[in-house]
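Right, one structure below, let's go through it.
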Amino acid sequence: MNDSLGWSSQASLWILLLPFCAFVVNGIFLGHRSPKLAAGLATLATAGSALLSICIAIPLLQVKFLQGIIPWSFEWLQIGIENSPQAEFQISMGMYLDGLSLVMLCLVSFLSFLVHFYSLAYMQEDKGLGRFFTLLPLFTFAMLGMVAASNLVQIFVFWELVGACSYFLIGFWFHKPSAIRASKKAFWITSFSDVFFLAGLLLLAVETRDLNIAHLISAETIQQLLQSPGFWGISRLSWAAMLLLIGAWGKSALFPLHIWLPDAMEGPTPVSSLLHSATMVVAGVFLMARFTPLLQNSQIAMTVTMTAGLTTAAFAALVACFQWDIKRILAFSTVSQLGYMLFALGCSGAGLLAYQASVFHIFTHAFAKCMLFLCAGVVIHSIHFNDLRKMGGLGKTLPLTCIAFWIGVLSLSGVPGFSGFFSKEAIVQAAWNSSYHWQAVTAVMVGGISSFYLARLALLTFHGPTDQNQSKLSPSKYKESFVWMTPIVILAALTLGAGWLSHQWFEKQFYIKLFDSLSLGENHAAAPAALVYVAIAVAGLGLLLALAIFRGPRRHKLPTWSHPLQNGLYLDTLAETMYQLVFHKFLGPLFYAFDKWIIDAAVNSCNQIFHFFARYMRQWHNGQVQRYAFVSAIGFVFLFIIAHFFLTQSGMR
Amino acid sequence: MNLASLLLVSALLFGIGLFGFLARRNIIAALIGIELMLNASIINLVAFSRFGHTDAAAGPVFALFIIAITSAEMAVALALVVSLHRKSHDLRLENLTKLRDVQ
Amino acid sequence: MNAINGNHWPLTLSWLIPAFTALVILLVPKALSTSIKWISLLSASLSLILSIVLTTVVLTKQTLFDSGSYLFNAKISWFPALNIYYQTGVDSVSVLLGLLAAIILWAGVLVSWKQEHRSKEFFTLIFILASGVFGCFITLDLFTFFLFNEITLIPTYLLIGIFGSGNKEKAAMKLNLMLFLASAFILTGFLGLYAATGSFDSNYLSSITLPFELQYWIFPVLFLGFGVLGALFPLHTWSPDGHSSAPTAVSMFLAGIHMKLGGYGCLRFAIQMLPEGAAVWADSFAVLAVLGIVAGAWVALKQKDLKYINAYSSVSHCGLVLFGFCSLNAAGLAGGVFQMLAHGLLTALIFALIGIVYARTHTRNIDQLHGLMHSIPFVGVTFTLAGLAALGLPGFGGFVAELTVLFAAWQRHYLLSTILAILALSAIVVTSVYILRMLHQVFSGEKSSHPGILDATLREKIPILGLIGLLLVLGFYPKPVMDAIHHAISPIVKALER
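Those protein sequence lines, which keep their order, are chains A, B and C. The first sequence runs 0 to 652 under numbering that gives the first Met the number 0. The second sequence runs 0 to 102 under numbering that gives the first Met the number 0. The third sequence runs 0 to 497 under numbering that gives the first Met the number 0.
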């Protein structure tokens, strides 16, 4: 325990313990007996956790500290023997508090609390209420444990736990085959990339023998990694960085491993809001951000990060323009924004600025996207379907939701004044500063596309004529109750204000102070102001285009040339085919046949060999004494000759 | 008379007995073959004893043993033959398969 | 100290209690099947308590002794002419495995409470089997070990052949013939050592340096023999057939603890006594072990029978044990032992759950099962947890073992072992595919294929929750167990470094 922290070292433990206790109590006692009580307990626990995080974070963020604080830690595992040539390897678990983890702690616990609160109403009629409020605190615990982790192994442990929660929550309605398929898909794709993460972890473990984050990102470790010989012409540091990146690739749904995220929308909407847009999917970005000092020393990893991020951002934005499902559009939007974040991280030339921009975008995007999903939840709960083609004119019945939704849309579009503007601007500037000029321009264009599809989504949902399907519903169905709207309003306020608030604050408090010690490059000259104006203009153009197209009468037919984009370049089909081919058509049957027809057959054929010889030998044993005697006479003569021969040879005669 | 000629007689007798046992199909003839082989061995025993290759008493004692055992054996065997003859009127060896395992 | 050293009775009791129970059950009339079960439960509880006490004593007291010395060490002359002793002694590895055996025995008795068909013979045989297994873990004499090992085989044959399901006679025959083959290898190895040194004392044999030629020839013989028992690829085929045909409690015991005798033998006899031989042969066996990990997972993917899926999953997981041992460093040996513990609990848990499903639905074919989560939610939830434990989710014991073993392999800085570690890593994906495929096929779906069946009763819930709880304990805070294992293996590591 660090004495200088006083009460907060104790309190920081409870940030994690509160949701965990809620999970245990609900899982064992309350979940199936009194779901209502379980829901209340979970919400209270996350509220406490959020409160504690904020109380701890605010004073700590005022202090200038050169490296992370570890308020508590314990030794989790020790491998190897002391005083032996194979040095020992210790893994400890604990909390590592620095700017990044403090911001993430506050963000995760706060959003988790809001979503819990929202779910009190949203899930109240569901049969699985108790189960829901068992899994959601578990997720909160896991996510908090991950962002505050003091050790890479701890990150991995909670990373997997978060993945398991995501799997359970996507397949929450386990009676729906589509939900089950989606949950399997999500788990398989992420576990595929987790294998690479684990490989990177092992590589680092073997090289450094100490996976504490403070040690891993220290200058000495980086020097050591850079100096140790690599293989295939790539340094060990680059290998580790690349492996971690692939690990992040699946979790953060980068192209082409993004295919699980749109399907994951089969889960309840609060889950989509918390896990699959605001917090869990940024785990990959968080991992990369956490190890930025390491990554910055690997040019290849940086380039790959940047390229993958930009490709993902552009691709997902294009696909989102041609979707009809309200949640799928938001999912593709999430994929696109995650691409932005990694794109920013990859702009190594900009040094600190890139890092700042990326973390800032995590922050602003989380508020906006979480709120958009909660609004979508209100819409879906009112009309009971997700299809945009059947929607329209909902702004009249759900006015507050409509306003909040537009705030989110404008923020993510990068309209000046909203929080998204600041982070997007920072990203574009970071790219320009790293002399990635073309990439910066592309990012600006993608921003235009984003504003187009988001505006399209808002227009089709809340404006225009009311569809006849929903006019049949009674007006009482549309409700903007207190419990629903409170989180939405809070998030809307944050989306509006966070930009002003944090733009200054992030620069002054968070970046500069914390990363003095890190060997990140200096900021170069700022990008030309014209770039910002161009970005604003492109975003405005996107909005106007959407207005022009979707104000008028509805056309529900998409042009033929957009079919590949509607289907996400058929990547899902491709993945499905590959899965079938590899697991069920090729390798699976191959191993099965090998085991059955070669190994097992060899074992069974031993039996056959004995039978064969037995059948042959049996013919001599026909029961005729005379044959036996004949054979034994011959045998005797034979033995006699042999004995005679050997005795003569050895001179024993 | 020397040992070699005695052994030759004994070997011939044993060969005839072996052939008789292996080749004849009648059970009595086969028994006679066995008897001839035993007698050949008796000649051997007595011959070795006579020419001092073993203890002087050992050969005749073994010979007497064999004669006694052979007569007992013959008594049992012939009794079986007689009862077989009563039952089946068939003394050919290849047909005596009652105790044989089922194949 | 004197109560601990030179006193063999606590260890002798551990195999004497089951043996005596088997006798007592034989004397009880057949009609009193309930009292037979209560006697069994009582005896299993006694064994469990004894094992817990022993484990506590060894784990707390072993640091007072030199590492590598055995506790409760005693040597009683048995066949003086042949230099055979009844020699006992435990360290933390054997005592932990003994505890695992006691836990699984206890759980197995509870699970087979509904055994009505020839219950007297059933429980007698189970306890003879348990007696043999306990005996193996406490003895340090090669001959006595072999004897106890043979004792386990006879009840195994009868338990599968009489009480099993499916093609049980063939499975029992296959299992026994292959295990006898394994015994032949083991005996050859032991006799080879005996011929060279005139001693069956493993303690003595590991303290001296045997000639290299001897080590070179005996090591593969012993490792193969124990490898068959530990389902080393490609000699694993007895285990899917045998474990799938066996009744639930027997599957639990065989896969959970009997298979571990193989790993235990590899560690205690092959590697500890023949470190130089191990250094030569380890890479070849590591290749086989990884082939087992990979092939086991892929074959499990194509299986339809729940028990076969778990049996092939066991092959895959046991491959990890031997792969760890073949790394020949502290991390690998400790990881292998840890995996034995974790996998023992896990596979017993899964077999118990499959037993419950089978008792309710009378089928184990996953194509005939769906939506069971609606009718038996407790089994569904626990099965899902067990599945996640099987695919190496952190928080369960398996992950710790996996991490340690892979670290050990990677640590060798050696191209082959790195490639093998990567191959073993790739099996994780396959594992997640077959586990989730099985879980979804059986438990999720619109409605249950067997509506109206009863969920697990309290008697079934207790062992299941206990096993899950232990897996969680191993996964949440592995340090104490791992430290204890390290203390026991440090002399082996020293011998290997020599």
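All C-beta atoms in this analysis are idealised placements derived from N, C-alpha and C, irrespective of residue type, glycine included. Quantities reported herein were computed from a predicted structural model and do not represent experimental measurements.
Assuming contact is defined by CB atoms lying nearer than 9 Å, are residue 173 of chain C and residue 241 of chain C in contact in what I supplied?
Contact flag set, yes.
Does the segment 120-134 of chain A come close enough to the segment 18-31 of chain A that 3 or more CB-CB pairs lie under 8 Å?
yes
Determine, for residue 405 of chain C, whether the minimum Cβ-Cβ distance to residues of chain A falls below 9 Å.
yes
Among residues of its own chain, excluding the 5 on either side of residue 52 of chain A, which ones have a beta-carbon nearer than 7 Å to its beta-carbon?
Contacts found: 14, 104, 105 and 108.
Can a CB atom of chain A be found closer than 9 Å to the CB of residue 84 of chain B?
no
Count the C-beta pairs between the segment 307-316 of chain C and the segment 59-72 of chain C that are closer than 8 Å, then say yes if the count reaches three, no if not.
no
Tell me which residues share the same chain as residue 30 of chain C and place their Cβ nearer than 8 Å to its Cβ, disregarding the 5 neighbours each side in the sequence.
none
Of all Cβ atoms in chain A, is any one closer than 9 Å to the Cβ of residue 76 of chain B?
no
Range covered by the beta strand (DSSP E) that runs through residue 206 of chain A:
Judged by DSSP secondary structure, residue 206 of chain A falls outside any beta strand (DSSP E) and instead within the alpha helix (DSSP H) spanning 176-207.
Range of the contiguous beta strand (DSSP E) that encloses residue 93 of chain A
88-93
Residue closest to residue 426 of chain A, alpha-carbon to alpha-carbon, out of A:351, A:371 and A:486
A:351
Closest by CA to residue 444 of chain A, which one among A:485, A:407, A:335 and A:552?
A:335
Taking residue 284 of chain A as the reference, which of A:317, A:320, A:261 and A:243 has the closest Cα?
A:243
For residue 521 of chain A, does the count of other Cβ atoms within 10 angstroms reach 16, so buried, or fall short, so exposed?
Its pLDDT being 45, under 50, residue 521 of chain A is placed unreliably in this model, and the value from its coordinates should be taken loosely. With fewer than 16 neighbouring CB atoms inside 10 Å of its own CB, residue 521 of chain A falls in the exposed class.
Hey, how far is the Cα of residue 519 of chain A from the Cα of residue 295 of chain A?
Low confidence applies to residue 519 of chain A: its pLDDT is 42, below 50, so where it sits in the model is not reliable, and the reading given next is rough at best. Rounded to whole angstroms, residue 519 of chain A to residue 295 of chain A spans 8 Å at the Cα level.
If you scan the segment 247-300 of chain A from start to end, which runs of the alpha helix (DSSP H) of 4 or more residues do you find wholly inside it?
259-262, 268-272, 282-289 and 291-294
Restricting to runs no shorter than 4 residues, where is the alpha helix (DSSP H) found entirely within the segment 40-96 of chain B?
Secondary structure within the segment 40-96 of chain B: the alpha helix (DSSP H) runs of 4 or more consecutive residues, fully enclosed, are 57-87 (chain order).
Segments assigned alpha helix (DSSP H), at least 4 residues, entirely inside the segment 580-620 of chain A
Here the runs fully enclosed are 586-592 and 600-617.
Beta carbon proximity, residue 251 of chain C to chain A, threshold 9 Å:
no
Can you pull the chain B residues whose beta carbon is under 9 Å from the beta carbon of residue 579 of chain A, in chain order?
Result: empty, since nearest Cβ-Cβ is about 53 Å, beyond 9 Å.
Which residue's Cα is closest to the Cα of residue 587 of chain A: C:453, C:429, C:489 and C:474?
C:429
For residue 202 of chain C, report the span of its beta strand (DSSP E) as first-last.
Premise fails: residue 202 of chain C lies in the alpha helix (DSSP H), 201-206, not in any beta strand (DSSP E).
Taking only three categories from DSSP, how would you classify residue 232 of chain A?
Assignment of residue 232 of chain A by DSSP, reduced to helix, strand and coil, places it in the coil class.
Could you name each continuous beta strand (DSSP E) segment of 3 residues or more that falls completely within the segment 80-143 of chain C, going from the start of the chain to the end?
83-89
Cα-Cα separation, residue 51 of chain B to residue 3 of chain B
14 Å
How would you label residue 68 of chain B, buried or exposed, when you count the other beta carbons within 10 angstroms and need 16 or more for buried?
exposed
Note down the Cα distance separating residue 394 of chain A from residue 218 of chain A, rounded to an integer number of angstroms.
55 Å
Taking Cβ-Cβ distances shorter than 7 Å, what residues in chain A pair up with residue 236 of chain C?
Result: 598, 599 and 602.
Return helix, strand or coil for residue 69 of chain A, following the three-state DSSP convention.
coil
Who are the near neighbours of residue 267 of chain A in its chain, counting only those whose CB is closer than 6 Å to its CB and skipping five residues on each side?
171
Can you give me the Cβ contacts of residue 24 of chain B inside the same chain, cut-off strictly under 8 Å, excluding the 5 residues immediately before and after it?
91, 92 and 93
Rounded C-beta distance between residue 244 of chain C and residue 483 of chain C? I'm assuming under 8 Å.
The pair is not a contact, with the Cβ atoms about 36 Å apart (cut-off 8 Å).
Given this structure, state the Cα-to-Cα distance separating residue 8 of chain C from residue 71 of chain C, to the nearest angstrom.
8 Å
Once the 5 residues before and after residue 300 of chain A are set aside, which same chain residues still bring their CB inside 8 Å of it?
237, 240, 241, 244 and 294
Going by DSSP, which residues form a beta bridge with residue 74 of chain C?
Residue 74 of chain C pairs with C:86.
Chain B beta carbons: is any one of them nearer than 9 Å to that of residue 632 of chain A?
yes
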